[in-house]
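In terms of UniProt numbering, the sequence shown opens at residue 1 and continues consecutively.
We treat Cβ as the ideally placed atom computed from N, Cα and C, and that holds for glycine.
One structure below.
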Amino acid sequence: MNTKRWIALSIAVFLMVVSIGVNIVTTIFTSDFFSQFESFSKPELTEAIVEPGSFDERIALLSVDGVIQDVGSSSPWAALEYDHQRFLATLDQILEDDTVKGVVLSVNSPGGGVMESDEIYQKLMKIKEEKKIPIYVSMQSMATSGGYYISAPADKIFAHRDTVTGSIGVIIQSYNYYELAKNLGIEFETIKSGPHKDMFNGTRPSTDEEKAMMQEMINESYEAFVDVVKQGRGMSESEVKRVADGRILSGNQALRAGLVDEIGTLEETIQALRKDHGLEDATLFEYESSFGTLSSLFAMKLGTIFGPSMEERLLIKLMNSYDAPRLMYLYGQN
Numbered sequence: 001m002n003t004k005r006w007i008a009l010s011i012a013v014f015l016m017v018v019s020i021g022v023n024i025v026t027t028i029f030t031s032d033f034f035s036q037f038e039s040f041s042k043p044e045l046t047e048a049i050v051e052p053g054s055f056d057e058r059i060a061l062l063s064v065d066g067v068i069q070d071v072g073s074s075s076p077w078a079a080l081e082y083d084h085q086r087f088l089a090t091l092d093q094i095l096e097d098d099t100v101k102g103v104v105l106s107v108n109s110p111g112g113g114v115m116e117s118d119e120i121y122q123k124l125m126k127i128k129e130e131k132k133i134p135i136y137v138s139m140q141s142m143a144t145s146g147g148y149y150i151s152a153p154a155d156k157i158f159a160h161r162d163t164v165t166g167s168i169g170v171i172i173q174s175y176n177y178y179e180l181a182k183n184l185g186i187e188f189e190t191i192k193s194g195p196h197k198d199m200f201n202g203t204r205p206s207t208d209e210e211k212a213m214m215q216e217m218i219n220e221s222y223e224a225f226v227d228v229v230k231q232g233r234g235m236s237e238s239e240v241k242r243v244a245d246g247r248i249l250s251g252n253q254a255l256r257a258g259l260v261d262e263i264g265t266l267e268e269t270i271q272a273l274r275k276d277h278g279l280e281d282a283t284l285f286e287y288e289s290s291f292g293t294l295s296s297l298f299a300m301k302l303g304t305i306f307g308p309s310m311e312e313r314l315l316i317k318l319m320n321s322y323d324a325p326r327l328m329y330l331y332g333q334n
């Protein structure tokens, strides 16, 4: 064959290889390949021993780190800072485990959703009432709003001197871009079943009646928060409301206000629980996800190769975000 035929044949082979490759990749991405892979790599709760000791007396070390919101579960492709469903699962496991004789909860959170915070609170109360075991809280750099809400039922609360805590209250926020849109000549066309169907969505000013409706919702959640603190801390309503105006406090200020019991580290919290309840020989353990170390690294590499790019992930997040205002036990911006 002459040179032209060799070139033509080479091009044809190259195009065939590319076509096969594209078909393979398309098949993978349009099939349930990744869903099948993820079904094998969903995290299951396993235990890691932190301090060895007795097999039939154990202390569970739990951690809430990040904003308390249910935004899905961690996967090999993306690990969440805080996985709400996974944390609830650890509390359920404690309820079923007769060897767990105490719980130390490390809290480093600005708070989060009213509903999610209350879900944790209810499960902690169930552990206290059904298992009759002590729960000690160790506050880290921040344990505000919902972070304090989930700490309140503890038998003892320890904070660092410089812990930021408090922010007892409820907030609901939304953007109002009505005037901006008006200046840009943008008009919103809304067809609704009732006068309040589009309330607080940012496309028009809220009426006084609608603001009163929102305030009523906030007041209900606020009173629930006050009750949680009142019951958990053994304080009167007036004592709670003296500092339940949204203000933040340092660890020392919270101690003086009766919101925490002692200034101390996580290690000191653990040692206090051991000493107070005769658990000096108990095993200290924590829960962790089953995918980790090499398997996690492998999955991360697969995610880099097959998963969406950073730009694609950002676009997907923006397209799927739904920022309707919601009640939050949260300090600062989410």
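(1) Tell me which same chain residues have a C-beta within less than 6 Å of the C-beta of residue 176, skipping the five on either side of it?
(2) Going by C-alpha to C-alpha distance, which of 96, 128 and 220 sits closest to residue 327?
(3) Using a threshold of 7 Å, state whether the C-beta atoms of residue 100 and residue 60 are closer than that.
(4) Give me, in chain order, the residues of the same chain whose beta-carbon lies closer than 6 Å to that of residue 103; leave out the 5 immediate sequence neighbours on both sides.
(5) Could you tell me the distance, in whole angstroms, from the CA atom of residue 329 to the CA atom of residue 225?
(6) With distances taken from CA atoms, which of 112, 69 and 204 is nearest residue 332?
(7) By Cβ distance below 8 Å, which residues in the same chain neighbour residue 248 in space, the five residues on each side in sequence not counted?
(8) Assuming residue 133 and residue 127 make a contact with CB atoms under 8 Å, what is their CB distance in whole Å?
(9) Taking all protein chains shown into account, decide if residue 270 is buried (16 or more other Cβ within 10 angstroms of its Cβ) or exposed.
(10) What separation, rounded to the nearest whole angstrom, lies between the Cα atoms of residue 233 and residue 152?
(11) Secondary structure at residue 175, three-state DSSP: helix, strand or coil?
(12) Looking only at C-alpha atoms, which of 185, 209, 55 and 183 sits nearest to residue 195?
(13) Rounded to whole angstroms, how far is the Cβ of residue 66 from the Cβ of residue 81, which I believe are closer than 8 Å?
(14) What does the Cβ neighbour count give for residue 180, buried or exposed, with the cut at 16 atoms within 10 Å?
(15) Counting only runs that start and end within the stretch 135 to 173, where is the alpha helix (DSSP H) found for 4 or more residues in a row?
(16) Can you tell me which of 84, 157 and 89 puts its alpha carbon nearest to the alpha carbon of residue 251?
(17) Residue 56 by DSSP, collapsed to three states: which one?
(18) Please work out which residues of its chain come closer than 8 Å, Cβ to Cβ, to residue 187, disregarding the five sequence neighbours upstream and downstream, and give them in chain order.
(19) Starting from the C-beta of residue 237, find all residues in its chain whose C-beta is less than 7 Å away, skip the five residues before and the five after it, and write them out in chain order.
(20) For the ligand MN, is there any heavy atom lying closer than 6 Å to the beta carbon of residue 191?
(21) How would you call residue 281, buried or exposed, if buried means at least 16 neighbouring beta carbons within 10 angstroms?
(22) Under 7 Å Cβ to Cβ from residue 89, same chain only, skipping five residues before and after it: list those, please.
(23) Could you tell me if residue 274 is buried or exposed, where buried requires 16 or more neighbouring beta carbons within 10 angstroms of its beta carbon?
(24) In chain order, what residues of the same chain lie with their CB nearer than 6 Å to the CB of residue 174, ignoring the 5 residues before and after it?
(25) Rounded to whole angstroms, what's the CA-CA distance from residue 253 to residue 246? Just pull it up for me.
(26) Beta carbon of residue 117, beta carbon of residue 266: below 7 Å?
Taking the structure as given:
(1) Its chain contains 202 as the residues whose beta carbon lies nearer than 6 Å to that of residue 176, once the 5 sequence neighbours on both sides are disregarded; these appear in chain order.
(2) Nearest of 96, 128 and 220 to residue 327, Cα basis: 220.
(3) Yes, the Cβ-Cβ distance between residue 100 and residue 60 is below 7 Å.
(4) These residues qualify, in order along the chain: 60 and 135.
(5) Going from the Cα of residue 329 to the Cα of residue 225 covers about 9 Å.
(6) Among 112, 69 and 204, the Cα nearest to that of residue 332 is on 112.
(7) So the list reads 144, 164, 165, 166, 167 and 331, once near-sequence residues are dropped.
(8) About 7 Å separates the two Cβ atoms, so the contact holds.
(9) By the neighbour-count criterion, in which 16 or more other beta carbons inside 10 Å mark a residue as buried, residue 270 falls on the buried side.
(10) Straight-line measurement puts the Cα of residue 152 at about 7 Å from the Cα of residue 233.
(11) Note: residue 175 maps to coil in three-state DSSP.
(12) Ranking 185, 209, 55 and 183 by Cα distance to residue 195 puts 209 first.
(13) Cβ atoms of residue 66 and residue 81 come within 8 Å of each other, at about 4 Å.
(14) Exposed, because fewer than 16 other Cβ atoms sit within 10 Å of the Cβ of residue 180.
(15) Runs of the alpha helix (DSSP H) inside the stretch 135 to 173: 146 to 149.
(16) The alpha carbon of residue 251 has as its nearest neighbour, out of 84, 157 and 89, the alpha carbon of 157.
(17) It is a strand residue.
(18) 181, listed in sequence order.
(19) Cβ neighbours of residue 237 beyond the five flanking positions: 226 and 230.
(20) Annotation note on the ligand MN: not contained in the displayed structure, which lists no ligands.
(21) It is exposed - the Cβ of residue 281 has fewer than 16 other Cβ atoms within 10 Å.
(22) Its chain contains 45 as the residues whose beta carbon lies nearer than 7 Å to that of residue 89, once the 5 sequence neighbours on both sides are disregarded; these appear in chain order.
(23) Residue environment analysis places residue 274 among the buried positions, since at least 16 neighbouring C-beta atoms fall within 10 angstroms of its C-beta.
(24) So the qualifying residues of the chain are 200, 202 and 325.
(25) Whole-angstrom Cα-Cα distance: 14 Å.
(26) Cβ distance not < 7 Å, so residue 117 and residue 266 don't count as in contact.
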